[in-house]
Amino acid sequence: RFFLERSLSLVNVASGHWQTYNGRSFMFQSSSVSWAHAQQRCLSLGGNLATIHTSGEERFVKGIAEGKTAWIGLSDAQMNGFWFWINSSPLKYTNWCPGEPSNYRAQDCVQINYSGNRCWDDVACSHSLAVQINVPCVQVLVWS
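Residue numbers (the numbering used here): 427 to 570.
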(Lines of atoms letter the chains of each structure in order from A; the text may use other names.)
(Lines give C-alpha, C1' and ligand atoms only; values in the text may rest on other atoms or scores of the structure.)
Protein backbone atom coordinates (compact mmCIF):
# COMPACT_ATOMS: atom_id res chain seq x y z
CA ARG A 427 0.00 0.00 0.00
CA PHE A 428 1.15 3.50 -0.59
CA PHE A 429 -0.03 7.08 -0.83
CA LEU A 430 0.39 9.22 -3.92
CA GLU A 431 0.52 13.00 -3.86
CA ARG A 432 0.32 15.39 -6.82
CA SER A 433 -0.81 18.88 -7.66
CA LEU A 434 -4.45 19.68 -8.30
CA SER A 435 -3.63 21.15 -11.68
CA LEU A 436 -2.71 17.64 -12.81
CA VAL A 437 -5.54 15.79 -11.12
CA ASN A 438 -9.10 15.34 -12.19
CA VAL A 439 -10.37 14.82 -8.67
CA ALA A 440 -13.80 13.83 -9.95
CA SER A 441 -12.30 10.75 -11.59
CA GLY A 442 -10.93 7.90 -9.53
CA HIS A 443 -10.61 7.94 -5.79
CA TRP A 444 -8.78 11.22 -5.22
CA GLN A 445 -9.43 13.16 -2.03
CA THR A 446 -8.19 16.66 -1.31
CA TYR A 447 -6.74 18.24 1.81
CA ASN A 448 -5.18 21.69 2.08
CA GLY A 449 -4.67 22.10 -1.67
CA ARG A 450 -3.27 18.61 -2.23
CA SER A 451 -4.87 15.53 -3.79
CA PHE A 452 -4.38 12.06 -2.29
CA MET A 453 -5.19 8.55 -3.40
CA PHE A 454 -4.77 5.28 -1.51
CA GLN A 455 -4.01 2.14 -3.52
CA SER A 456 -4.22 -1.27 -1.90
CA SER A 457 -1.96 -3.24 -4.25
CA SER A 458 1.20 -4.47 -2.49
CA VAL A 459 4.47 -3.21 -3.97
CA SER A 460 7.98 -2.25 -2.85
CA TRP A 461 8.76 1.37 -1.97
CA ALA A 462 10.55 1.92 -5.33
CA HIS A 463 7.67 0.42 -7.31
CA ALA A 464 5.21 2.50 -5.31
CA GLN A 465 7.14 5.66 -6.23
CA GLN A 466 7.28 4.58 -9.89
CA ARG A 467 3.51 4.12 -9.87
CA CYS A 468 3.10 7.56 -8.30
CA LEU A 469 5.33 9.13 -10.95
CA SER A 470 3.26 7.48 -13.71
CA LEU A 471 0.21 9.24 -12.23
CA GLY A 472 1.97 12.61 -12.06
CA GLY A 473 2.83 12.62 -8.37
CA ASN A 474 5.03 11.20 -5.62
CA LEU A 475 4.61 9.10 -2.54
CA ALA A 476 2.82 11.21 0.04
CA THR A 477 4.70 13.66 2.24
CA ILE A 478 3.32 14.53 5.68
CA HIS A 479 4.11 17.92 7.20
CA THR A 480 1.52 18.35 9.99
CA SER A 481 -0.53 16.24 12.39
CA GLY A 482 -3.63 17.30 10.44
CA GLU A 483 -2.19 15.95 7.19
CA GLU A 484 -1.26 12.74 8.96
CA ARG A 485 -4.81 12.27 10.34
CA PHE A 486 -6.22 12.86 6.85
CA VAL A 487 -3.86 10.39 5.16
CA LYS A 488 -4.45 7.76 7.83
CA GLY A 489 -8.19 8.22 7.40
CA ILE A 490 -7.89 7.44 3.70
CA ALA A 491 -5.86 4.31 4.49
CA GLU A 492 -8.54 3.17 6.96
CA GLY A 493 -5.94 1.89 9.44
CA LYS A 494 -3.96 -0.10 6.89
CA THR A 495 -0.16 0.01 6.78
CA ALA A 496 1.14 2.00 3.80
CA TRP A 497 4.28 3.59 2.33
CA ILE A 498 4.96 7.30 2.58
CA GLY A 499 7.64 9.23 0.70
CA LEU A 500 10.28 9.33 3.46
CA SER A 501 13.65 7.56 3.18
CA ASP A 502 17.24 7.64 4.40
CA ALA A 503 18.50 5.41 1.55
CA GLN A 504 20.72 8.19 0.16
CA MET A 505 22.47 8.89 3.49
CA ASN A 506 21.89 6.62 6.47
CA GLY A 507 20.39 8.49 9.42
CA PHE A 508 19.42 11.55 7.36
CA TRP A 509 15.74 11.34 6.45
CA PHE A 510 14.51 13.08 3.29
CA TRP A 511 11.08 13.45 1.70
CA ILE A 512 10.89 12.19 -1.89
CA ASN A 513 10.09 15.73 -3.12
CA SER A 514 13.04 17.26 -1.19
CA SER A 515 10.77 19.19 1.17
CA PRO A 516 12.22 19.62 4.69
CA LEU A 517 11.44 17.07 7.40
CA LYS A 518 9.85 19.17 10.14
CA TYR A 519 7.08 16.91 11.45
CA THR A 520 7.47 13.24 12.45
CA ASN A 521 5.46 10.63 14.33
CA TRP A 522 7.95 7.81 14.86
CA CYS A 523 6.89 4.74 16.87
CA PRO A 524 8.81 4.31 20.15
CA GLY A 525 12.38 3.18 19.40
CA GLU A 526 12.16 4.18 15.73
CA PRO A 527 13.77 4.80 13.38
CA SER A 528 15.93 1.79 14.28
CA ASN A 529 17.63 1.13 10.93
CA TYR A 530 17.51 -2.56 11.85
CA ARG A 531 19.03 -4.50 8.93
CA ALA A 532 19.22 -1.42 6.69
CA GLN A 533 15.60 -0.29 7.03
CA ASP A 534 15.62 2.81 4.83
CA CYS A 535 11.96 3.45 3.94
CA VAL A 536 8.94 4.45 6.05
CA GLN A 537 5.51 2.93 6.61
CA ILE A 538 2.63 4.46 8.55
CA ASN A 539 0.02 2.77 10.78
CA TYR A 540 2.61 0.20 11.86
CA SER A 541 1.03 -2.57 13.98
CA GLY A 542 -2.10 -0.50 14.44
CA ASN A 543 -0.13 2.00 16.55
CA ARG A 544 -0.73 4.67 13.92
CA CYS A 545 2.91 5.78 14.09
CA TRP A 546 5.85 5.66 11.68
CA ASP A 547 8.30 2.77 11.36
CA ASP A 548 11.38 2.35 9.19
CA VAL A 549 11.28 -0.88 7.19
CA ALA A 550 13.22 -2.52 4.35
CA CYS A 551 12.36 -0.80 1.08
CA SER A 552 11.87 -4.20 -0.57
CA HIS A 553 8.81 -5.01 1.59
CA SER A 554 5.48 -5.04 -0.25
CA LEU A 555 3.04 -2.49 1.15
CA ALA A 556 0.15 -0.32 -0.02
CA VAL A 557 0.68 3.14 -1.52
CA GLN A 558 -0.26 6.70 -0.56
CA ILE A 559 0.16 9.05 -3.52
CA ASN A 560 0.31 12.80 -3.25
CA VAL A 561 0.54 15.65 -5.72
CA PRO A 562 0.38 19.38 -5.05
CA CYS A 563 -2.83 18.64 -4.78
CA VAL A 564 -2.01 15.23 -3.32
CA GLN A 565 -2.90 11.79 -4.52
CA VAL A 566 -2.59 8.77 -2.27
CA LEU A 567 -2.23 5.13 -3.23
CA VAL A 568 -2.13 2.33 -0.67
CA TRP A 569 -0.43 -1.07 -0.87
CA SER A 570 -1.10 -4.16 1.18
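In this text, a Cβ means the ideal position worked out from N, Cα and C, and glycines have one as well.
Small disclaimer: the values here were computed from a predicted structure and weren't measured.
In the structure shown, what three-state DSSP assignment does residue i receive?
| i | result |
| --- | --- |
| residue 464 | helix |
| residue 532 | coil |
| residue 555 | strand |
| residue 502 | coil |
| residue 519 | coil |
| residue 572 | Because residue 572 is not part of the residues shown, which for the chain are 427 to 570, the question remains open. |
| residue 510 | strand |
| residue 646 | In this structure the chain extends from 427 to 570, so residue 646 is not present and cannot be described. |
Which one of the options has the shortest CA to CA distance from residue i?
| i | options | result |
| --- | --- | --- |
| residue 536 | 453, 481, 495 | 495 |
| residue 476 | 485, 462, 465, 499 | 499 |
| residue 518 | 479, 549, 471 | 479 |
| residue 554 | 450, 443, 463 | 463 |
Assuming residue i and residue j make a contact with CB atoms under 8 Å, what is their CB distance in whole Å?
| i | j | result |
| --- | --- | --- |
| residue 452 | residue 487 | 6 Å |
| residue 512 | residue 445 | Rounded, the Cβ-Cβ distance is 20 Å, inconsistent with contact. |
| residue 551 | residue 460 | 6 Å |
| residue 529 | residue 506 | 7 Å |
| residue 520 | residue 546 | 7 Å |
Run the CB neighbour count on residue i, radius 10 Å, all protein chains shown included, and call it buried at 16 or more, exposed below.
| i | result |
| --- | --- |
| residue 621 | There is no way to answer for residue 621, as the model of the chain reaches only from 427 to 570. |
| residue 448 | exposed |
| residue 492 | exposed |
| residue 485 | exposed |
| residue 482 | exposed |
| residue 556 | buried |
| residue 516 | exposed |
| residue 385 | As displayed, the chain neither begins before 427 nor continues past 570, which places residue 385 out of reach and without an answer. |
| residue 531 | exposed |
| residue 501 | buried |
| residue 533 | buried |
| residue 504 | exposed |
| residue 465 | buried |
- prompt: Which runs of the alpha helix (DSSP H), 4 residues or longer, sit entirely within the region 450 to 496?
  reply: 461 to 470, 481 to 491
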